[in-house]
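In what follows, a structure is listed as structure tokens, so that the remarks can point back to it.
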Amino acid sequence: MKELTVSRQFFGEVENDFANSIMTNTKRNFETYVAQGVMLNNYANIFGLIMQMRQVADHPDLLLKKNAEGGQNIIECSICESPAEDPVASKCHHHFCRTCVRGYLDSLQEPECPRCHVGLSIDLDQPEIEQDQMLLKKASIINRIKMENWTSSSKIELLVHELFKLRSPSATHKSIIFSQFTSMLQLIEWRLRHAGFTTVMLDGSMTPAQRNASIKHFMNNVDVEVFLVSLKAGGVALNLTEASRVFLVEPYVTHPLDFCPLY
Numbered sequence: 001m002k003e004l005t006v007s008r009q010f011f012g013e014v015e016n017d018f019a020n021s022i023m024t025n026t027k028r029n030f031e032t033y034v035a036q037g038v039m040l041n042n043y044a045n046i047f048g049l050i051m052q053m054r055q056v057a058d059h060p061d062l063l064l065k066k067n068a069e070g071g072q073n074i075i076e077c078s079i080c081e082s083p084a085e086d087p088v089a090s091k092c093h094h095h096f097c098r099t100c101v102r103g104y105l106d107s108l109q110e111p112e113c114p115r116c117h118v119g120l121s122i123d124l125d126q127p128e129i130e131q132d133q134m135l136l137k138k139a140s141i142i143n144r145i146k147m148e149n150w151t152s153s154s155k156i157e158l159l160v161h162e163l164f165k166l167r168s169p170s171a172t173h174k175s176i177i178f179s180q181f182t183s184m185l186q187l188i189e190w191r192l193r194h195a196g197f198t199t200v201m202l203d204g205s206m207t208p209a210q211r212n213a214s215i216k217h218f219m220n221n222v223d224v225e226v227f228l229v230s231l232k233a234g235g236v237a238l239n240l241t242e243a244s245r246v247f248l249v250e251p252y253v254t255h256p257l258d259f260c261p262l263y
């Protein structure tokens, strides 16, 4: 039997103040687009504004620690502005997550490139562009934060609490955690490992062989309790029957009108 539970956790004071500032700024920018009659011409900008509200609901560091030193050679999605997962290139030589640009194309009749604003032409069936794994490692949000001084978020702590509740001396309960943001998964993984959980991660930077190995490791090792999965990389064709719980850190959507701010 499947049981669905929605947890609504209030922010702490610092989180609440930061979230309100992002919300106020987003509302101001959106109202400016509406007043100027250019809302439909700023789809990518609006997408980015609402993406910020989703990120701040996860952890403020997803915005505050966004940029990586020396990470200029990392392939970045021109829509979500994060390291591109399953990256593809347009004819105007800009890069995107395959799922981000698919949603972008489906949402507009005459889509323009959000970077150069020419008509967007892209082959969604093209092979994935390979990224430099060392640069991706350097770009990890964990490497941009002094973790000894790091403060967790309400959402992460609620997740840790729920996972501790599942622990039993007589059995191992395996769980899958989905998030749209790889940086959020990295923060969750760091927190869980320091809380004594054994984890495995699957994200869009991994090769097919790496993904298959990670899935097998989760399925075949009884001590691995948590599988962290990027929705962009692992939302399709996963059959992880060993897991008894699934946690969605945030709902995954690709069209701004589908967003639920501060979910």
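So the sequence shown is numbered by my numbering: it starts at 1 and just counts up by one.
By construction, the Cβ of each residue, glycine as well, lies at the ideal position given by its N, Cα and C atoms.
Would the stretch 221-231 and the stretch 105-115 be scored as touching if the rule is three or more Cβ pairs under 8 angstroms? Flag = no, the stretch 221-231 and the stretch 105-115 do not touch.
Tell me which residues share the same chain as M206 and place their Cβ nearer than 8 angstroms to its Cβ, disregarding the 5 neighbours each side in the sequence. Start at 1 with the first residue of the sequence shown, and residue 206 comes out as number 206. So the qualifying residues of the chain are S214 and A233.
If I follow the unbroken beta strand (DSSP E) through R115, where does it start and stop? The residue labelled residue 115 in the question sits at position 115 within the sequence shown. In the DSSP annotation of this structure, R115 is not part of any beta strand (DSSP E), being labelled neither H nor E.
Just checking my contact of D17 with M184 at CB under 8 angstroms: how many whole Å lie between their CB atoms? As a first step, residue 17 is located in the sequence shown; it is residue number 17 there, counting from the start. As a first step, residue 184 is located in the sequence shown; it is residue number 184 there, counting from the start. About 20 angstroms; that fails the 8 angstroms criterion.
Here's the rule: buried if 16 or more other CB atoms are within 10 angstroms of the residue's CB, otherwise exposed. What is L120? Residue numbering aside, residue 120 sits at position 120 when the sequence shown is read from its first letter. Burial call: buried.
I'd like the span of the beta strand (DSSP E) that includes C97, first residue to last. Stepping through the sequence shown from its first residue, residue 97 is reached at position 97. Counting along the chain, the beta strand (DSSP E) containing C97 begins and ends at H95 to C97.
Would you kindly work out how many angstroms separate the C-alpha atoms of I75 and G103, rounded to a whole number? The residue you call residue 75 lines up with position 75 of the sequence shown. The residue you call residue 103 lines up with position 103 of the sequence shown. Roughly 19 angstroms between the two C-alpha positions.
Pairwise C-alpha distance: Q36 and E250: Here residue 250 corresponds to residue number 250 of the sequence shown, with the count starting at 1. Here residue 36 corresponds to residue number 36 of the sequence shown, with the count starting at 1. Counting only the Cα atoms, Q36 lies some 32 angstroms from E250.
If you compare alpha carbons, which of C92, K91, H93 and M53 is closest to C80? In the sequence shown, counting from the first residue as 1, residue 80 sits at position 80. Looking at the Cα atoms, M53 is the closest of the given residues.
Could you tell me which of M201, V222, S170 and I177 sits nearest to L248, measuring between CA atoms? Stepping through the sequence shown from its first residue, residue 248 is reached at position 248. Comparing Cα-Cα distances from L248 to each of M201, V222, S170 and I177, the minimum goes to I177.
Rounded separation between K165 and R245 - CA only: Position 165 of the sequence shown, counted from the start, is the residue given in the question as residue 165. Position 245 of the sequence shown, counted from the start, is the residue given in the question as residue 245. Each residue's alpha carbon lies about 12 angstroms from the other.
Within the continuous beta strand (DSSP E) that includes P83, where are the two ends? One-based indexing of the sequence shown puts residue 83 at position 83. Premise fails: P83 is in no beta strand (DSSP E) and is neither H nor E.
Sorted by chain position, which residues of the same chain lie with C-beta nearer than 8 angstroms to I22's C-beta, five sequence neighbours on each side aside? Position 22 of the sequence shown holds residue 22. The residues are Q52, M53, V56 and L63.
Given that a residue counts as buried once 16 or more other Cβ atoms are within 10 Å of its Cβ, and exposed if not, what is S175? Stepping through the sequence shown from its first residue, residue 175 is reached at position 175. That one is buried.
Per-residue burial, V88 [other beta carbons within 10 Å of its own, 16 or more giving buried]: As a first step, residue 88 is located in the sequence shown; it is residue number 88 there, counting from the start. The residue in question, V88, is buried, as its Cβ has 16 or more Cβ neighbours within 10 Å.
If I'm right that I142 touches Q186 with Cβ under 8 angstroms, what's the distance once you round it to whole angstroms? Stepping through the sequence shown from its first residue, residue 142 is reached at position 142. Stepping through the sequence shown from its first residue, residue 186 is reached at position 186. Yes, they are in contact, since the Cβ atoms of I142 and Q186 sit about 5 angstroms apart, within 8 angstroms.
Give the straight-line distance between the Cα atoms of M219 and N25, rounded to the nearest whole angstrom. Position 219 of the sequence shown, counted from the start, is the residue given in the question as residue 219. Position 25 of the sequence shown, counted from the start, is the residue given in the question as residue 25. Their backbone Cα atoms lie some 44 angstroms apart in a straight line.
N20 to F11, Cα distance in whole Å? Residue 20 sits at position 20 when you count from the first residue of the sequence shown. Residue 11 sits at position 11 when you count from the first residue of the sequence shown. Rounded to the nearest angstrom, the two C-alpha atoms are 11 angstroms apart.
How would you label L163, buried or exposed, when you count the other beta carbons within 10 angstroms and need 16 or more for buried? Mapped onto the sequence shown, residue 163 falls at position 163. Buried: at least 16 other Cβ atoms inside 10 Å.
Identified DSSP bridge partners for F197: Mapped onto the sequence shown, residue 197 falls at position 197. In DSSP, F197 forms no bridge with anything.
What runs of the alpha helix (DSSP H), each 4 residues or longer, lie entirely inside the stretch 134-181? 154-166
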